[in-house]
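First up is the structure itself, then whatever we jot down about it.
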Amino acid sequence: MPSIALFDGKEVKDEKKMNKKMALKDFEETEAALTEKSSDKKKSKKKESSKKRKESEIEEEEERSETSSELGEPVNLKSEKEKKKKKKAKVEPEAGVEEQERGESEHPNAVSRFRISVPLREKLKSKGIESLFPIQAMTFDMVLDGSDLVGRARTGQGKTLAFVLPILESLTNGPTKASKKTGYGRAPSVLVLLPTRELAKQVHEDFDVYGGAVGLTSCCLYGGAPYHAQEFKLKKGIDVVIGTPGRIKDHIERGNIDLSSLKFRVLDEADEMLRMGFVEDVELILGKVEDANKVQTLLFSATLPSWVKHISTKFLKSDKKTIDLVGNEKMKASTNVRHIVLPCSSSARSQVIPDIIRCYSSGGRTIIFTETKESASQLADLLPGARALHGDIQQSQREVTLAGFRSGKFMTLVATNVAARGLDINDVQLIIQCEPPRDVEAYIHRSGRTGRAGNTGVAVMLYDPRKSSVSKIERESGVKFEHISAPQPADIAKAAGVEAAETITQVSDSVIPAFKSAAEELLNNSGLSAAELLAKALAKAVVSAFLFSSSSNSLSLTSGTMCFFRLTSEFCIF
């Protein structure tokens, strides 16, 4: 047993022996390092092995040191520090490699690459947003750094978050944080103008969701809603005001909105404000800001008519930035949409439209556009579960209708042009236009309600062959229309079968044992293949709900039974 040195000055008999062991260990470490470099093919494997061996040696040494300390043996502190440094140096490069690999695989517009705070990142992640759209990525730093901006992008390309995110960051973590008003009765820091109440409500929802994540409040002001409730919110104090020009102007003139603390003003869909006659109201509101140099102005528009250019010159700073995702191209219809035309007289619409929905909606939401309020109401009454949306419906009911459509309480919305622009509703699979619109731009906006945010969709336009403007729309919108005839019973059955198959895939696997023996017996005794039996099962699943068609033709779905399906409640249920 080796002698143990105490701290009384006695000689350490095993000192030479310990030094010899340490020298041996240093030699082994050097040899291992040289071995690592000798073979590229086995480099990673040997690196891992060396790392584990080194960790094991250090752990053993630490255990010996702890034991020695308890017994009174002096510890070579310098040696221990050097070993720990070596260990750290070997581990850190590997961590750096992992970080580099992670960066290389990351999306170029990933949320993590932008100056977005943790609360907003988490909220974006909860909404399934991991990367920004081009218009959002290109404008984010410009807005956050304080530049005035003119942004051009097609509808459905994410213009709303292009100003919502950087504005919220600026108010909570950026340049305008220090001067932002707080407390009861505070004046707004942000004013957003939009042409319609539907668009205003949509933008307000984004400010409410994302602003709420960073402690900012917002309100939405539009006509048709009581003044008192809006006035109360403004007097209580608010950070962001969103609304239509007419109602915003009224509140300013009544003294309910104080623009003295304004940091941001946003004009969204500026070209549409021009079309709807808001020129005077918009210029009056923008002119109410006393010191325009203290306010950052953001203007977004799909097109740049002369008035929009005039606004940008008059109210935006001379060093404003411009982001243009449209360029000199003519406005084109979405390429994510399948564009279909179908000849149909006005008297046959109510019979053909249900078949189109069955064949092309894929179980998703459908928006049907009509030219008049009366036809919208009539068609909505004919279609099971459909709701109408037009100007004669009270605002409160319109809001209930839109909320129900968004939440999936009903899947078919029949609307006039009031819903044609700016609505961003998830999973609108099918657009039906009952007749060609008056201008190509209207067709583009309506068909653009589907195929949004990278999704695909279908747009069907009905037309009267005797007075068709299909060729003009096709030429000017840049689409190649697919010409079809009215769906036949076999087409409807096929579409219904696809829906039934989707329903079957959603049945829990836990029911299989209860029906497996019966299924096997049926397969053995029927003389049919598994695919043929499954086809019959799908047919039964379809008719158990009901299958309808406007056609006078019939379709036999069970042996010896013929059924005629009609739009009018004459559904045949087996």
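Taking this note's numbering, I'd label the letters of the sequence shown as residues 5 to 578. By construction, the Cβ of each residue, glycine as well, lies at the ideal position given by its N, Cα and C atoms. Remember, it's a predicted structure, so these values are computed and weren't measured experimentally.
### Close beta carbons around residue 177, own chain, < 6 Å, minus the five adjacent residues each side
121
### Task
Compute the beta-carbon to beta-carbon distance between residue 394 and residue 377, rounded to the nearest angstrom, for a pair I have assumed lies under 8 Å.
Residue 394 to residue 377, Cβ: 4 Å. Contact.
### Task
Measure the C-alpha to C-alpha separation of residue 522 and residue 367 and round it to an integer number of angstroms.
31 Å
### Task
Could you check the C-alpha separation between residue 438 and residue 194 for me, to the nearest Å?
40 Å
### Task
Give the DSSP-derived three-state secondary structure of residue 394 in the structure shown.
Coil.
### Task
With residue 341 as the anchor, note down where its beta strand (DSSP E) starts and where it stops.
341 to 347
### Message
I believe residue 214 touches residue 172 by the beta-carbon criterion, under 8 Å. Please report the beta-carbon distance rounded to the nearest angstrom.
### Response
6 Å
### residue 467: first and last residue of the uninterrupted beta strand (DSSP E) it sits in
461 to 467
### Query
Should residue 497 go down as buried or exposed, given a rule of 16 or more other Cβ atoms within 10 Å for buried?
buried
### Query
DSSP state of residue 283, grouped into three classes?
Taken through DSSP and simplified to helix, strand or coil, residue 283 comes out as helix.
### Query
From what residue to what residue does the alpha helix (DSSP H) around residue 269 run?
Unbroken run through residue 269 is the beta strand (DSSP E), 268 to 271; no alpha helix (DSSP H).
### Query
For residue 111, which of 130, 135, 118 and 128 has the nearest alpha-carbon?
Among 130, 135, 118 and 128, the Cα nearest to that of residue 111 is on 135.
### Message
So, does the segment 202 to 211 touch the segment 221 to 228, judging by three or more C-beta pairs under 8 Å?
### Response
yes
### Message
Pairs of beta-carbons, one from the segment 485 to 502 and one from the segment 342 to 351, closer than 8 Å: are there three or more?
### Response
Yes, the segment 485 to 502 is in contact with the segment 342 to 351.
### Task
Kindly indicate which residue of 386, 310, 187 and 374 has the alpha-carbon position closest to the one of residue 354.
386
### Helix, strand or coil at residue 300 according to DSSP, with G and I counted as helix
Reduced to three states, the DSSP call for residue 300 is strand.
### Alpha-carbon spacing of residue 492 relative to residue 506, whole angstroms
22 Å
### Query
By how many angstroms is the C-alpha of residue 517 removed from the C-alpha of residue 230?
Residue 230 and residue 517: Cα-Cα distance of roughly 60 Å.
#### Entry: Segment contact, 8 Å Cβ cut-off, at least three pairs: the segment 303 to 312 with the segment 261 to 274
yes
### Query
For residue 510, does the count of other Cβ atoms within 10 angstroms reach 16, so buried, or fall short, so exposed?
When all chains shown are included, residue 510 counts as exposed.
### Task
For the alpha helix (DSSP H) containing residue 370, list its first residue and its last residue.
Counting along the chain, residue 370 falls outside any alpha helix (DSSP H), though it belongs to the beta strand (DSSP E) covering 369 to 373.
### Task
If I'm right that residue 139 touches residue 161 with Cβ under 8 Å, what's the distance once you round it to whole angstroms?
Rounded, the Cβ-Cβ distance is 5 Å, consistent with contact.
### Task
Use the C-beta contact count for residue 532: other C-beta atoms within 10 angstroms, 16 or more gives buried, fewer gives exposed.
exposed
### Message
Check for me: the beta strand (DSSP E) holding residue 156 runs from which residue to which?
### Response
153 to 156
### Query
With C-beta atoms as the reference, is residue 381 less than 8 Å away from residue 392?
yes
### Query
Under 8 Å between the Cβ atoms of residue 191 and residue 116?
no
### Query
In angstroms, rounded to a whole number, what distance separates the CA positions of residue 543 and residue 499?
Rounded to the nearest whole angstrom, the C-alpha separation of residue 543 and residue 499 is 11 Å.
### Where the beta strand (DSSP E) through residue 360 begins and ends
Careful: residue 360 lies outside any beta strand (DSSP E), inside the alpha helix (DSSP H) at 353 to 364.
### Pair within 8 Å by beta-carbon distance, residue 429 and residue 409
yes
#### Entry: Chain-order list of residues whose beta-carbon lies under 6 Å from that of residue 462 (same chain, five-residue window excluded)
For residue 462, the CB contacts under 6 Å within the same chain, skipping 5 residues up- and downstream, are 342, 364 and 434 in chain order.
### Message
Less than 7 Å separating the Cβ of residue 138 from some heavy atom of the ligand MG?
### Response
Among the ligands in the structure shown, none appear at all, so the ligand MG cannot be discussed.
### Task
Assign residue 356 to buried or exposed, taking buried as 16 or more other Cβ atoms, counted over all protein chains shown, within 10 Å of its Cβ.
buried
### Query
Whose C-alpha, out of 145, 128, 538 and 520, is nearest the C-alpha of residue 508?
538
### Query
Who are the Cβ neighbours of residue 74 in its own chain at under 8 Å, not counting the five residues just before and after it?
The predicted position of residue 74 is uncertain, since its pLDDT is 40 and thus under 50; no value can be drawn from it.
#### Entry: Exposed unless 16 or more other CB atoms sit within 10 angstroms - verdict on residue 314
exposed
### Message
Here's the rule: buried if 16 or more other CB atoms are within 10 angstroms of the residue's CB, otherwise exposed. What is residue 398?
### Response
exposed
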